[in-house]
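Just below is one structure, and these are the notes that go with it.
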Amino acid sequence: VLGELPEHCVFTLVYGLPIYWLAGLNAVPLRFLLSLMLVWLMVYCSRCMALFVAAVLPTLQTSAFMGNALFTVFYLTGGFVINLENMWLVASWFSHVSFMRWGFQGMLLVQFEGNMYPVSLGNFTLNVDGIHVVEAMKMNSYPLYSCYLVLLAVCLVFILLYYLSLKFIKQKSSQDW
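Going by our numbering, the final residue of the sequence shown carries number 328, and the count climbs one at a time with no gaps.
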């Protein structure tokens, strides 16, 4: 897992640098670095999850299926496909451990918090604080630093589960399931 860090950093930079500026996101350097760190943590969480699933289910077919299923659960409970208020109870529990939710919430806070956006109503133009966008999506319940801490914790949990799976599950790639 640690041996992949240089490649992971290059991958995140190659992906994150052009996409950030092409999307027209906030040009403040600190906001750019915070966003890049969120992308780095989210992609690393995805990789750690994939390693865990591959260690638990050592055949290609089963690990690919379950990896996609687990990622889809995290994706759907992330808050940007289905509003967090509209989720049923069990899905809302999954949203609290969904690295997609914490990354999305952190990205919203980094991009919108403290920015003023002009809104035209007929002949009038009002300046609206960007935090209202975050509040409308119900993504303002935790501070920004908690997003980073939860993403780091999710990475560490997946790494621990990966280690335990490698230690206690017999790895035979030619098993018939």
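The beta-carbon is built from N, C-alpha and C at its ideal position, and this holds for glycine as well.
For Ser-249, which of helix, strand or coil comes out of DSSP? For Ser-249, the three-state secondary structure derived from DSSP is coil.
Please check the pair Val-194 and His-159, which I expect to be a contact at CB under 8 Å, by giving their CB distance rounded to whole angstroms. Between His-159 and Val-194 the Cβ distance is about 7 Å, and since that is below 8 Å, they are a contact.
With DSSP as the reference, identify every bridge partner of Met-188, one or two as the case may be. None; Met-188 has no bridge partner.
Backbone CA spacing between Ser-292 and Leu-259 [nearest angstrom]: If you take the alpha carbons of Ser-292 and Leu-259, they lie about 12 Å apart.
Please tell me whether Glu-155 and Arg-198 are closer than 9 Å, where the distance is taken between their beta carbons. Taking a C-beta distance under 9 Å as the contact criterion, Glu-155 and Arg-198 qualify as a contact pair.
Could you tell me whether the region 268–283 touches the region 156–176, where touching means 3 or more Cβ pairs closer than 8 Å? Not touching, per the Cβ criterion.
Could you say which of Pro-157, Asn-177, Tyr-171, Val-165 lies nearest to Glu-264 if we only look at CA atoms? Looking at Pro-157, Asn-177, Tyr-171, Val-165, the one whose alpha-carbon comes closest to that of Glu-264 is Asn-177.
Is the Cβ-Cβ distance between Gly-218 and Met-238 less than 9 Å? Remark: C-beta atoms of Gly-218 and Met-238 do not approach each other more closely than 9 Å.
On the CB-based measure, 16 or more other CB atoms within 10 Å of its CB, does Leu-202 come out buried or exposed? Per the 10 Å Cβ criterion, buried.
Among Phe-245, Tyr-296, Ser-316, which residue has its Cα nearest to the Cα of Leu-192? Ranked by how close their Cα comes to the Cα of Leu-192, the residues Phe-245, Tyr-296, Ser-316 have Tyr-296 in first place.
Which residues in the same chain have their Cβ closer than 6 Å to the Cβ of Val-305, if we skip the five residues on either side of it in sequence? The residues are Cys-196, Phe-250.
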